[in-house]
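These notes concern the structure reproduced below.
Numbering (the numbering used here), first residue to last: 4 to 179.
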């Protein structure tokens with residue numbers, strides 16, 4: 004599908020395999036919801052892309068997004084179960100430990116590390132910043148050109164410049 008990286012109709016190309024083995028692509032125009040997402044429905048991400056896991060960040064109460072995540076390498080519990088075993092057994096899913104009513108006896112530390120700390124599917128793991136690209140990296144810009152481009156995928160609700168950024172010295176400005 005058409006998915007321009009710049010302009011009023013800009014988006015990011017996402018996709019996932021459907022149940023019959025076909026890879027279905029779509030253009031996500033939902034801003035931060037596109038980050039690490041494979042499937043968008045009704046303006047919200049319903050399936051994270053491979054290597055991403057949906058987690059709720061403790062410092063952003065109630066905000067749940069897809070983040071790059073790796074399980075702690077080589078981790079297993081006292082019974083030899085790995086992070087993949089916890090996910091495949093349905094003990095953990097969607098980046099969270101099960102509901103409060105679930106049996107919490109599985110979330111015990113082994114060699115000091117709990118599954119909820121080691122495994123992405125259980126709400127732990129090692130989160131990484133999502134890689135972004137600027138769609139204008141390979142373009143030559145000219146004076147007074149209006150460029151409508153954002154980093155893709157959009158990874159933040161706001162964009163701001165670092166103190167000391169010298170955009171004005173180069174004749175550039177940034178507007179929301």
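We treat Cβ as the ideally placed atom computed from N, Cα and C, and that holds for glycine.
Check                                                                                                                                                                 : Outcome
Let me confirm a value: residue 168 is counted as buried when at least 16 other C-beta atoms fall within 10 Å, else exposed. Which label applies?                     : exposed
Name the DSSP beta bridge partners of residue 73, please?                                                                                                             : 129
Taking residue 1 as part of the beta strand (DSSP E), name the residues at either end of that continuous run.                                                         : With the chain covering only 4 through 179, there is no way to say anything about residue 1.
Assess, as a yes-or-no matter, whether the stretch 115-129 is touched by the stretch 87-101 under the definition of 3 or more beta carbon pairs within less than 8 Å. : yes
Given a cut-off of 8 Å on the beta-carbon distance, is the pair residue 37 and residue 55 in contact?                                                                 : no
Our contact map puts residue 49 next to residue 31 with C-beta atoms below 8 Å; I'd like the distance itself, whole angstroms only.                                   : Actually they are not in contact, since the Cβ atoms of residue 49 and residue 31 sit about 12 Å apart, beyond 8 Å.
DSSP three-state call for residue 37: helix, strand or coil?                                                                                                          : helix
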